[in-house]
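**Q**
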Amino acid sequence: MVSLARKNLLHDRLRFVITVAGVAFAVTLVLVQVGLFMGLLDKSTVTIRHASADLWITSHNTPNVDFARTFPETAVLRARSVPGVERADNLIVSFMNIQLPNGALEGALVYALQDFGAWRLPWNVPEGAPADLRRGYSVLMDRSAALRYGAFTVGEQREILGRRFRIVGTTQEAASFTTTPIVFMDYRNAQELQETLRGNTTYVLVKLAPGADVGAVQAELRRRLPYNDVLTRDQWAMQSRNYWVRSTGLGMSMGVTVFLGVLVGIVIVAQTLYTSAVEHIKEFGTVKAIGGSNLDIYRILGEQALVAAVLGFALGAVFSYLARPLMAAIHLNVLLTPGFSAVVFAGTVLMCLGSALFSFRRVAGIDPALVFRT
Amino acid sequence: MNEKVLAVRDVTKVFDEGRQRVHVLKGITMDVAEGEVVALEGPSGSGKTTLLSIMGCILTPSSGELEVAGRRVGAADAGALRDVRRRSIGFVFQQYNLFPALTALENVEYSLNVRGTRGRAAHDEAKRVLERVGLAERAGFLPRDLSGGQKQRVAIARALAGSPPVLLADEPTANLDTAVGGQILDLFQELAKSEGRGVLVVTHDPKVRRIADRVVGIRDGRLVADGAEQDAA
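From first to last, the protein sequence lines stand for chains A and B. Just so we're on the same page, this note's numbering is the position in the first sequence counted from 1, plus 3. Just so we're on the same page, this note's numbering is the position in the second sequence counted from 1, plus 98.
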């Protein structure tokens with residue numbers, strides 16, 4: 004079957020290129036911006052996802068994992084006494100100042116546990132081992148810290164809140180939502196550094212016994228710890244993500260970006276398709292005169308919109324995937340999942356078909372008698 | 099006597115232009131038989147294009163009857179009119195109205211696609227009618243690479259595709275030089291005589307009389323002559 008739609012697209016090459024470029028721009032904008040946002044959100048829950056805790060006990064209304072609040076560390080004893088709990092340990096998460104060799108102070112997000120191995124934290128340790136943290140004042144420092152603290156190597160020392168710590172190893176991917184590097188140290192060392200942490204913790208990690216009912220254990224923990232919140236891993240991750248999305252305006256900002264991207268796509272596709280439809284009005288009149296219907300003409304415009312959508316998406320997706328290693332070089336993660344890409348593709352098709360509707364209105368009223376006008 | 103393939107009976111057409119009602123056609127009765135070439139002549143504004151549009155089922159008459167290939171279509175809806183155009187009528191336009199992005203062959207094939215013939219059948223039929231009008235060797239050319247006469251031959255091939263019993267031509271020689279115009283007229287005559295199609299040619303060109311079996315004149319919405327070509331000449 005002869006495709007007048009595709010032939011006309013290729014016949015008007017410049018317009019075709021502009022249309023596809025417009026769609027590709029919109030797709031790139033949406034994929035990269037939302038991918039960056041999702042990459043940041045991914046960081047906001049990175050430790051929740053990697054830790055092997057089934058339940059997290061937090062102080063009341065803790066907004067997200069980074070902004071921890073203290074509560075008495077004896078809560079862990081009550082947690083351990085609940086049937087169905089296999090293991091429960093205190094975890095301290097706290098911002099602390101680290102002094103750089105040039106004298107400047109920078110922030111670090113300290114994670115402190117007594118037994119890191121039991122909770123699979125940290126999860127990516129290229130140099131050293133978590134067990135080394137039990138040897139005196141030592142830390143594992145994330146490699147992303149080089150951006151903020153300057154270059155460092157294993158064996159060097161850094162001052163944290165006035166106490167010298169030896170760097171005994173490095174970790175990877177351990178950075179917070181705010182890109183503050185995570186520093187891992189022993190639980191007692193962390194308590195020693197800050198007055199407010201003595202006798203206190205910020206979280207209790209809970210691992211369930213095999214076969215234990217998570218809902219029942221969660222309910223019992225809530226009953227026994229009425230001044231704390233008890234959340235499953237998924238609930239806690241969602242709460243941490245939602246904080247950044249809703250409370251900081253980042254979600255709205257992302258929504259505006261997506262809206263603008265879609266708007267740019269609609270304007271470009273609608274404008275070029277409409278101009279094309281107007282320029283081919285006599286051809287469409289001929290289609291009607293030889294027996295074609297409005298539906299035949301809608302198909303032509305729809306096919307053109309679809310071709311623009313598919314090619315524009317493909318081009319935009321290639322640009323976005325190529326941008327990932329460039330962004331990764333500056334420690335920005337553009338998170339592009341197949342599911343998200345499929346949603347953007349569906350959105351692109353809808354956007355282009357929606358844009359074609361403007362042209363549908365124009366061609367619906369074509370009088371086939373115009374073929375007799377010179 | 100040959101069967102009539104196109105007939106109008108007492109057809110009128112009135113257009114509302116603002117507060118005015120313009121009577122463009124005032125009771126036209128005429129027909130075209132199979133194998134017959136009829137020339138419809140008249141000055142600008144006489145109503146010949148409106149009559150052609152009604153006979154081509156593009157416009158509906160305000161009153162009167164229209165019959166195409168034995169089917170009464172006077173009060174038909176838009177879908178039925180489209181169906182008649184698709185099955186029974188081939189159009190040839192003054193400006194050729196070819197699709198510029200399609201080759202000669204594709205122009206004909208696309209017309210067949212619109213008429214419901216697809217795939218190999220459409221391709222083969224398109225090649226056949228292009229051969230019929232003597233343009234087989236130009237099948238792969240775009241309209242911009244064809245001469246005026248060749249474009250009109252492609253347009254005729256497109257009109258012939260699907261073998262409609264009626265061919266309606268609007269000033270088919272207006273943009274052609276005398277020699278090429280003569281060849282196109284010969285082709286119309288041949289198509290009528292050898293294939294039995296009824297051909298109605300709307301024209302200003304007196305040379306059309308050479309091939310016409312009858313010449314019909316139209317002035318101010320009324321027929322003024324309807325007789326054999328030699329009588330009218």
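In this text, a Cβ means the ideal position worked out from N, Cα and C, and glycines have one as well. As the structure is a prediction and not an experimental result, all values here were calculated from the model.
Residue 100 (chain B) touches chain A at which residues, Cβ-Cβ below 9 angstroms?
**A** The residue given as residue 100 (chain B) occupies position 2 in the second sequence. Ordered by position in chain A, no residue passes the 9 angstroms Cβ test against residue 100 (chain B), which lies about 25 angstroms from the chain.
**Q** Closest Cβ-Cβ distance between residue 50 (chain A) and chain B: below 7 angstroms?
**A** Here the question's residue 50 (chain A) lines up with position 47 in the first sequence. By this cut-off, residue 50 (chain A) is not an interface position.
**Q** Taking only the alpha-carbon atoms, compute the straight-line gap between residue 297 (chain B) and residue 189 (chain B) and give it to the nearest angstrom.
**A** In the second sequence, counting from the first residue as 1, residue 297 (chain B) sits at position 199. In the second sequence, counting from the first residue as 1, residue 189 (chain B) sits at position 91. If I take the Cα positions, the gap works out to 10 angstroms.
**Q** Below 7 angstroms between beta carbons is the criterion; list the residues of the region 182-205 of chain B that meet it against any residue of chain A, in chain order.
**A** Under the 7 angstroms Cβ criterion, the region 182-205 of chain B contributes 183, 184, 189, 191, 192, 193, 195, 197, 198, 199, 200, 204.
**Q** Can you give, in chain order, each stretch of the beta strand (DSSP E) that sits fully within the region 246-273 of chain B and has at least 3 residues?
**A** Whole beta strand (DSSP E) segments, 3+ residues: 264-268.
**Q** Between residue 213 (chain B) and chain A, is the shortest Cβ-Cβ distance under 7 angstroms, so that the two count as touching?
**A** Start at 1 with the first residue of the second sequence, and residue 213 (chain B) comes out as number 115. Answer yes: the Cβ-Cβ gap between residue 213 (chain B) and chain A drops below 7 angstroms somewhere.
**Q** The region 278-309 of chain A: which residues have C-beta closer than 7 angstroms to a C-beta of chain B, in chain order?
**A** From the region 278-309 of chain A, only 285, 286, 289, 290, 292, 293, 294, 295, 296, 299 have a Cβ closer than 7 angstroms to chain B.
**Q** Quick one: Cα of residue 331 (chain A) to Cα of residue 172 (chain A), how far?
**A** Numbered from its first residue, the first sequence carries residue 331 (chain A) at position 328. Numbered from its first residue, the first sequence carries residue 172 (chain A) at position 169. Taking the straight line from one Cα to the other gives about 22 angstroms.
**Q** If you run the structure through DSSP and keep just helix, strand and coil, what is residue 155 (chain A)?
**A** For this step, residue 155 (chain A) is matched to residue 152 along the first sequence. In the structure shown, residue 155 (chain A) sits in coil (DSSP, three-state: anything other than H, G, I, E or B).
**Q** Keeping to the same chain, check which residues put their C-beta closer than 6 angstroms to that of residue 133 (chain A); ignore five residues upstream and five downstream.
**A** For this step, residue 133 (chain A) is matched to residue 130 along the first sequence. If we look at residue 133 (chain A) and ignore the five residues flanking it on each side, its Cβ neighbours are 119, 120.
**Q** Taking 7 angstroms as the cut-off, decide whether the C-beta atoms of residue 268 (chain B) and residue 375 (chain A) are in contact.
**A** Within the second sequence, residue 268 (chain B) is the residue found at index 170, counting from 1. Within the first sequence, residue 375 (chain A) is the residue found at index 372, counting from 1. It is a contact, given that the beta carbons lie within the stated cut-off.
**Q** Considering only the alpha carbon of each residue, which of A:147, A:146, A:170 lies closest to residue 138 (chain A)?
**A** Here residue 138 (chain A) refers to the residue found at position 135 when the first sequence is read from its first residue. When each option's Cα is compared against that of residue 138 (chain A), the closest is A:170.
**Q** Using only CA atoms, which one of A:216, A:260, A:207 lies nearest to residue 239 (chain A)?
**A** Position 236 of the first sequence, counted from the start, is the residue given in the question as residue 239 (chain A). That would be A:207, whose Cα lies nearest to the Cα of residue 239 (chain A).
**Q** Let me check understanding here. Comparing Cα to Cα, which of A:209, A:201, A:338 lies closest to residue 91 (chain A)?
**A** Numbered from 1 along the first sequence, position 88 holds the residue referred to as residue 91 (chain A). The shortest Cα separation from residue 91 (chain A) among A:209, A:201, A:338 belongs to A:209.
**Q** Please work out which residues of its chain come closer than 6 angstroms, Cβ to Cβ, to residue 280 (chain A), disregarding the five sequence neighbours upstream and downstream, and give them in chain order.
**A** Indexing the first sequence from 1 puts residue 280 (chain A) at position 277. Here the set comprises 362, 365, 366.
**Q** If we cut at 7 angstroms on Cβ distances, does residue 236 (chain B) have a partner in chain A?
**A** The residue given as residue 236 (chain B) occupies position 138 in the second sequence. Residue 236 (chain B) does not count as touching chain A.
**Q** Note down, in chain order, all residues in the region 313-343 of chain A with a beta-carbon under 7 angstroms from any beta-carbon belonging to chain B.
**A** For the region 313-343 of chain A, which is checked against every Cβ of chain B, not one residue is closer than 7 angstroms.
**Q** Measure from the C-beta of residue 209 (chain B) to each C-beta in chain A and report whether the shortest distance is under 7 angstroms.
**A** On the second sequence, position 111 is the one that residue 209 (chain B) refers to. By this cut-off, residue 209 (chain B) is an interface position.
**Q** What are the start and end residues of the alpha helix (DSSP H) that includes residue 275 (chain A)?
**A** For the purposes of this step, residue 275 (chain A) is identified with residue 272 of the first sequence, where counting begins at 1. Its alpha helix (DSSP H) spans residues 253-282.
**Q** Are the region 142-156 of chain B and the region 216-236 of chain B touching, with three or more C-beta to C-beta distances below 8 angstroms?
**A** No, the region 142-156 of chain B is not in contact with the region 216-236 of chain B.
**Q** With C-beta atoms as the reference, is residue 187 (chain A) less than 7 angstroms away from residue 143 (chain A)?
**A** Along the first sequence, one-based indexing puts residue 187 (chain A) at 184. Along the first sequence, one-based indexing puts residue 143 (chain A) at 140. Yes, the Cβ-Cβ distance between residue 187 (chain A) and residue 143 (chain A) is below 7 angstroms.
**Q** Inspect the beta-carbon positions of residue 202 (chain B) and residue 253 (chain B) and report whether they are closer than 7 angstroms.
**A** Along the second sequence, one-based indexing puts residue 202 (chain B) at 104. Along the second sequence, one-based indexing puts residue 253 (chain B) at 155. No, the Cβ-Cβ distance between residue 202 (chain B) and residue 253 (chain B) is not below 7 angstroms.
**Q** Excluding the 5 residues flanking residue 209 (chain B) on each side, which residues of the same chain have their C-beta closer than 6 angstroms to its C-beta?
**A** For the purposes of this step, residue 209 (chain B) is taken as residue 111 along the second sequence, with counting starting at 1. The answer, listed in chain order, is 256, 259.
**Q** Could you tell me which of A:303, A:220, A:264, A:325 sits nearest to residue 37 (chain A), measuring between CA atoms?
**A** Here residue 37 (chain A) refers to the residue found at position 34 of the first sequence. Out of A:303, A:220, A:264, A:325, A:264 has the C-alpha closest to the C-alpha of residue 37 (chain A).
**Q** Identify the continuous alpha helix (DSSP H) that holds residue 53 (chain A) and give its terminal residues.
**A** The residue you call residue 53 (chain A) lines up with position 50 of the first sequence. That run of the alpha helix (DSSP H) goes 49-53.
**Q** My guess is that residue 62 (chain A) and residue 231 (chain A) are in contact by the Cβ rule of under 8 angstroms, so how many angstroms apart are they, rounded?
**A** For the purposes of this step, residue 62 (chain A) is taken as residue 59 along the first sequence, with counting starting at 1. For the purposes of this step, residue 231 (chain A) is taken as residue 228 along the first sequence, with counting starting at 1. Right, the Cβ-Cβ distance comes to about 6 angstroms (below 8 angstroms), so this counts as a contact.
**Q** Do the region 121-140 of chain B and the region 100-112 of chain B meet, that is, are 3 or more Cβ pairs less than 8 angstroms apart?
**A** In short, these stretches touch, since the Cβ pair count reaches three.
**Q** What in chain B is Cβ-close to residue 311 (chain A), meaning under 9 angstroms?
**A** The sequence position of residue 311 (chain A) within the first sequence is 308, counting from 1. Ordered by position in chain B, no residue passes the 9 angstroms Cβ test against residue 311 (chain A), which lies about 16 angstroms from the chain.
**Q** Threshold first: 4 residues or longer. Then list the alpha helix (DSSP H) segments lying entirely within the region 58-133 of chain A, N to C.
**A** Entirely contained in the region 58-133 of chain A, the alpha helix (DSSP H) runs reaching 4 residues are, in chain order, 78-83.
**Q** Distance check for residue 277 (chain B) and residue 352 (chain A), CA to CA, integer angstroms please.
**A** Here residue 352 (chain A) refers to the residue found at position 349 when the first sequence is read from its first residue. Here residue 277 (chain B) refers to the residue found at position 179 when the second sequence is read from its first residue. For residue 352 (chain A) and residue 277 (chain B), the distance between alpha carbons rounds to 52 angstroms.
**Q** CB residue 93 (chain A) to CB residue 204 (chain A), shorter than 7 angstroms?
**A** Here residue 93 (chain A) corresponds to residue number 90 of the first sequence, with the count starting at 1. Here residue 204 (chain A) corresponds to residue number 201 of the first sequence, with the count starting at 1. Yes, these two residues count as a Cβ contact at 7 angstroms.
**Q** Have a look at residue 20 (chain A) and residue 42 (chain A) and give me their C-alpha separation to the nearest angstrom.
**A** Numbered from its first residue, the first sequence carries residue 20 (chain A) at position 17. Numbered from its first residue, the first sequence carries residue 42 (chain A) at position 39. Those two C-alpha atoms are separated by around 31 angstroms.
**Q** Could you pull the start and end residues of the alpha helix (DSSP H) that residue 319 (chain A) belongs to?
**A** Here residue 319 (chain A) corresponds to residue number 316 of the first sequence, with the count starting at 1. Counting along the chain, the alpha helix (DSSP H) containing residue 319 (chain A) begins and ends at 297-331.
**Q** What span of residues does the alpha helix (DSSP H) with residue 221 (chain B) cover, start to end?
**A** As a working note, residue 221 (chain B) is residue 123 in the second sequence. Segment 217-230, the alpha helix (DSSP H) holding residue 221 (chain B).
**Q** So is the beta-carbon of residue 240 (chain A) under 6 angstroms away from any non-hydrogen atom of the ligand ZN?
**A** As for the ligand ZN, it is missing from this structure, which has no ligand bound.
**Q** Under 8 angstroms Cβ-Cβ, which residues of chain C neighbour residue 151 (chain B)?
**A** Annotation note: the requested chain C is absent from the structure, which comprises protein chains A and B.
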